[in-house]
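These notes concern the structure reproduced below.
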Amino acid sequence: MNTPLTKTKHIPFGDNKDAPWYGENILSVGQFSLDDLNFIFDIAHEMGVMVNSLGTFDLLKGKILANMFYEPSTRTMSCFTSAMERLGGSVIPIFAQQYSSERPEAALPDWVRTVEAYADVIVLRHPTIGSSKIAAQYAHKPVINAGEGETGEHPTQALLDIFSIREEMGQISGLNITIIGSLKNRAIRSLIRLLMLFHDITVTLISTSEQFFDEEFLQEVARVGTLILINKSVLDETILSFTDVLYVTQGTDIVVTPELLDLAKPKITILHPFPRGPELPMEIDSDPRAAYFRQMEYGLYVRMALLAMVLGKA
Ligand code: CP
4 MNTPLTKTKH
14 IPFGDNKDAP
24 WYGENILSVG
34 QFSLDDLNFI
44 FDIAHEMGVM
54 VNSLGTFDLL
64 KGKILANMFY
74 EPSTRTMSCF
84 TSAMERLGGS
94 VIPIFAQQYS
104 SERPEAALPD
114 WVRTVEAYAD
124 VIVLRHPTIG
134 SSKIAAQYAH
144 KPVINAGEGE
154 TGEHPTQALL
164 DIFSIREEMG
174 QISGLNITII
184 GSLKNRAIRS
194 LIRLLMLFHD
204 ITVTLISTSE
214 QFFDEEFLQE
224 VARVGTLILI
234 NKSVLDETIL
244 SFTDVLYVTQ
254 GTDIVVTPEL
264 LDLAKPKITI
274 LHPFPRGPEL
284 PMEIDSDPRA
294 AYFRQMEYGL
304 YVRMALLAMV
314 LGKA
């Protein structure tokens, strides 16, 4: 008689179960300490060195990623695909939008339990806050939150944003960061939460009252108390004279023109999570301070680091 296959978690041959982050979920920026960020960023930096010298290598050969996207995504989905393939692994792409109306209370747990039969790690983008936590409750494999809910979390975007600042500016603490555009954006909330881990950071916010943070989030920032938030309505010469990082998002009437950048510091890093709108005209793309396409590359290295970590190869 055949012995039935059990559903217990097993450690595949060759996996180092004692590696930090092996088998862990990446659900929220709240799970990271400053030491964790340094650990991730050191690995991400090494990933960049490896990609630039080898292109692709076999660290995750034989591993399979299920890319489950219940919302449209171009950047995050293609970035995770590239990250897995550059590490020698392979990807099951699941465009799950058409299934989001299936009995919602069962659809996600059923999908998770289905794809984990085929894959070693699950990346999930979902329109509902808390979905990645539900997925992680059902999964026996690591789940990575690739953005959920309009005002939820986008931890991997925030990690790549901070890594971009570190690579461009050499440090995070002590910087003046100016954010313009809509703050009702999961990536911005996750970014602010990670910035709260550092010291002596001032964040100047230029947004409309309709697009501003809600009171609950502002109270969270005040409670932690490490970040100085300043509200302004225009991006003028004074603000640009002390800004080290200009983080631009959609939803602002301000246009970052070459003339405006003439007023900025010679060393300023301009970031944008993309897609861009009229706020970021293509005529500034050739300015060496425009770091948003390098930011895409940094995102690849961070997501490679995260995949290697949760699969025990970091
Ligand atoms: N920045 C970002 O999350 O883009 P996508 O929605 O295309 O993944």
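If you use my numbering, the sequence shown closes out at 317, no skipped numbers anywhere.
For each residue, glycine too, the CB sits at the ideal point set by N, CA and C.
None of these values were measured; they are calculated from a predicted model.
Tell me, please, which residues DSSP counts as bridged to residue i.
i: Thr84; result: In DSSP, Thr84 forms no bridge with anything.
i: Thr272; result: Val248
i: His157; result: None; His157 has no bridge partner.
i: Ile204; result: Leu230
i: His48; result: In DSSP, His48 forms no bridge with anything.
i: Asn179; result: Thr205
i: Met71; result: Ile97 and Leu127
i: Glu151; result: His129 and Glu156
i: Ile137; result: In the DSSP output, where bridge partners are listed per residue, Ile137 has none listed.
i: Ala293; result: Ile273
i: Lys235; result: Ile209
i: Val146; result: Ile125
Could you give the distance in angstroms between the alpha-carbon of residue i and the alpha-carbon of residue j?
i: Asp18; j: Tyr25; result: 9 angstroms
i: Lys268; j: Leu249; result: 11 angstroms
i: Val124; j: Asp164; result: 23 angstroms
i: Gln222; j: Leu186; result: 15 angstroms
i: Lys316; j: Leu309; result: 10 angstroms
i: Tyr301; j: Leu111; result: 30 angstroms
i: Leu200; j: Arg226; result: 13 angstroms
i: Arg292; j: Leu274; result: 9 angstroms
i: Glu49; j: Gln100; result: 35 angstroms
i: Asp203; j: Phe220; result: 20 angstroms
i: Pro158; j: Glu262; result: 34 angstroms
i: Glu286; j: Val237; result: 21 angstroms
i: Thr9; j: Val313; result: Residue placement at Thr9 is poorly supported in this model, since its pLDDT is 49, which falls under 50; the coordinates are not used for a value here.
i: Ala190; j: Gly65; result: 32 angstroms
i: Arg169; j: Ile175; result: 6 angstroms
Measuring alpha carbon to alpha carbon, tell me which residue in the options is nearest residue i.
i: Ser81; options: Leu314, Ala311 and Met307; result: Met307
i: Thr255; options: Leu208, Ser289 and Tyr301; result: Leu208
i: Pro130; options: Gln140, Glu119, Trp114 and Glu156; result: Glu156
i: Leu57; options: Gly91, Ile46 and Ala69; result: Gly91
i: Leu40; options: Ser167, Ile242 and Val118; result: Ser167
Rounded to the nearest angstrom, how far is the Cβ of residue i from that of residue j, given a contact under 8 angstroms?
i: Arg89; j: Val54; result: 6 angstroms
i: Ala47; j: Tyr304; result: 4 angstroms
i: Asn70; j: Val94; result: 6 angstroms
i: Pro324; j: Gln160; result: Any question about residue 324 goes unanswered here, given that the chain covers just 4 to 317.
i: Met172; j: Thr252; result: Actually they are not in contact, since the Cβ atoms of Met172 and Thr252 sit about 19 angstroms apart, beyond 8 angstroms.
Exercise. Do the region 178-188 and the region 243-259 touch if we need at least three Cβ pairs shorter than 8 angstroms?
Worked result: Three or more Cβ pairs closer than 8 angstroms define a contact, and the region 178-188 meets that threshold against the region 243-259.
Exercise. Does the region 147-159 touch the region 224-232, meaning 3 or more C-beta pairs lie closer than 8 angstroms?
Worked result: By the criterion of at least three beta-carbon pairs nearer than 8 angstroms, the region 224-232 is not in contact with the region 147-159.
Exercise. Touch check for the region 209-218 and the region 126-145: three-plus C-beta pairs under 8 angstroms?
Worked result: no
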